[in-house]
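In this note's numbering, the protein residues as written are 97 to 254. The structure under discussion appears below in the form of structure tokens.
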């Protein structure tokens, strides 16, 4: 069995979810989806395109995916929250796909949801504001949203 070829591909994913090859934007969504289908984040915190014959690293400015849509049904612990990525993947906010919120150096929230294979999606600010509309206060006084039987803190305060 031969060893895989290792490359450093000149591919970059911008913060807004756009993909670039050798500095030029990849406009064909089908090609982006193909690359995304073999994208992984390894334990070294690098992003890799992995196929049966070869693999290589790519650059990711923030998160490889962006959340562009939010849907909510139900209430309290029976609620379901669905997030849609820039590539059309729908993700149920759950223990398997949790939400986390970082605070950046300008004291702004940077919310992410786990997608798959070690990767997350950045939730666009406009979408995050929709999420905040469904925030409730838990017993400890923290704000968050319920989805799939779990409570997820969103870092929202009065």
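Glycine included, C-beta positions come from ideal geometry on N, C-alpha and C. All values derive from a computational prediction rather than experimental measurement.
Exercise for the section: Run the CB neighbour count on residue 120, radius 10 Å, all protein chains shown included, and call it buried at 16 or more, exposed below. Expected result: As a position in the chain shown, residue 120 is number 24, starting the count at 1. Residue 120 sits exposed, since fewer than 16 C-beta atoms from the chains shown fall within 10 Å of its C-beta.
Practice task
Pull up the DSSP beta-bridge partners for residue 206, would you.
Solution key: Residue mapping note: residue 206 aligns to position 110 of the chain shown, counting from 1. The secondary-structure analysis by DSSP pairs residue 206 across a beta bridge with 198.
Handout entry: Outcome for residue 192 when other beta-carbon atoms lying within 10 angstroms are tallied against a minimum of 16
Key = One-based indexing of the chain shown puts residue 192 at position 96. Exposed, because fewer than 16 other Cβ atoms sit within 10 Å of the Cβ of residue 192.
Exercise for the section: Identify, in the order they occur along the chain, each residue of the same chain with its Cβ nearer than 6 angstroms to the Cβ of residue 214, setting aside the five sequence neighbours on each side. Expected result: In the chain shown, residue 214 corresponds to position 118, counting from 1. Cβ neighbours of residue 214 beyond the five flanking positions: 137.
Practice task
Give the DSSP bridge partners of residue 179, in chain order.
Solution key: In the chain shown, the residue the question calls residue 179 occupies position 83. DSSP output for residue 179 lists 166 and 187 as bridge partner(s).
Exercise for the section: Starting from residue 222, trace the alpha helix (DSSP H) both ways and give me its first and last residue. Expected result: Locating residue 222 in the chain shown gives position 126, where the first residue counts as 1. Residues 221-228.
Handout entry: Buried or exposed (CB count within 10 angstroms, at least 16 for buried), residue 160
Key = For the purposes of this step, residue 160 is taken as the residue at position 64 of the chain shown. With 16 or more Cβ atoms within 10 Å of its Cβ, residue 160 is classed as buried.
Exercise for the section: From the DSSP output, read off the bridge partner residues of residue 264. Expected result: Any answer about residue 264 is impossible in this case: the structure gives the chain only from 97 up to 254.
Practice task
Determine the closest residue to residue 245 out of 135, 156 and 170, with distance taken between C-alpha atoms.
Solution key: The residue labelled residue 245 in the question sits at position 149 within the chain shown. Proximity to residue 245 across 135, 156 and 170 peaks at 170, based on C-alpha coordinates.
Exercise for the section: Give the secondary structure of residue 133 by DSSP, where H, G and I count as helix, E and B as strand, and everything else as coil. Expected result: By 1-based counting over the chain shown, the position of residue 133 is 37. Note: residue 133 maps to helix in three-state DSSP.
Exercise for the section: Have a look at residue 145 and residue 130 and give me their C-alpha separation to the nearest angstrom. Expected result: Start at 1 with the first residue of the chain shown, and residue 145 comes out as number 49. Start at 1 with the first residue of the chain shown, and residue 130 comes out as number 34. In this structure, the CA atom of residue 145 is about 10 angstroms from the CA atom of residue 130.
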